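Structure record follows, encoded as structure tokens.
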Amino acid sequence: MWHDTEATTKLQNGESIPTLALHRYIKGSINQRLSAVEPPVTLTKPGLKATEHLTTGIIAEFLDSAGEERFLTKATKFQVDLAQMEASQCLYQGIMGALGYSKNKLPFLELARRVPLQILESITRNKISDEECLSRQQALLLGTAGLLPSQRQDRHQENKLDDKW
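Numbering (our numbering), first residue to last: 316 to 480.
So this is what it looks like as structure tokens:
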């Protein structure tokens, strides 16, 4: 869905549904993108009315084109990253970025840079149990992110919540 407004999409029963807002990921206007479709299509009406005359095939072709453009943009970024770092670190950073959703993608990428995969892997080389290995890796990641209980500012509030729990 193009979805270039902040309004949520609602069903007839009033329930909100998830929406993939394409306008954030596609360069150019929807008319520019549709002009690449054969035969060229131009929208003259605003909003949803603008797409009511489009066939399923045209919409599918538009989405395929937009998806391919987004994929190629990401692939290019990975190629640039691969020229600067090992493939395993590049993949690790890509996974960490994907785990970060939209609002905290950059903090996850920064965490991957501050705690490189090589450091996490070095913990696995120690003669320790799997449980201890995981515990050390979690402590390293959470501590670097500032998320350990001891790093919280309001320890008194934390203790009160722990007691209630």
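For every residue, glycine included, the Cβ atom is placed at its ideal position computed from N, Cα and C. What you are looking at is a predicted structure, and each value in this text was computed from that prediction instead of being measured.
Nonlocal neighbours in the same chain, by C-beta distance under 6 Å from residue i, ignoring five residues either side
i    : result
L435 : Q452
E384 : none
F386 : none
G420 : Before going further, note that residue 420 is Lys rather than Gly in the sequence given. Closer than 6 Å at the Cβ level, and outside the excluded window around K420, lie G412.
CB-CB length for residue i against residue j, believed under 8 Å
i    : j    : result
L426 : A375 : Not confirmed; about 38 Å, so no contact.
M411 : F393 : In fact, because the Cβ distance is near 14 Å, the residues do not count as touching under 8 Å.
C405 : L397 : 5 Å
L457 : L449 : Actually they do not touch by this definition, with Cβ atoms about 12 Å apart.
Reference residue i; option with closest CA among the options
i    : options                : result
S403 : P431, E330, E447       : P431
G382 : Q408, R467, K342       : K342
A336 : L369, I373, L378, N441 : L378
Residues that DSSP places opposite residue i in a beta bridge
i    : result
S380 : For S380, which the question treats as bridged, DSSP gives no partner whatsoever.
I332 : T324
Own chain residues within Cβ distance below 8 Å of residue i, not counting five before or after
i    : result
S331 : T323, T324, K325
Q327 : none
I443 : R451
A454 : L463
R429 : T459
Contacts around residue i, its chain only, beta-carbon distance under 7 Å, and the 5 residues preceding and following it disregarded
i    : result
I438 : C448, R451, Q452
Y407 : A427, L432
Task: Length-filtered (4 minimum) alpha helix (DSSP H) runs lying within the region 433-461 - done: 445-460
Open item on the list: Report the start-end ranges of each alpha helix (DSSP H) in the region 378-415 that is 4 residues or longer and not cut off at the edges.
Closed with: 402-414
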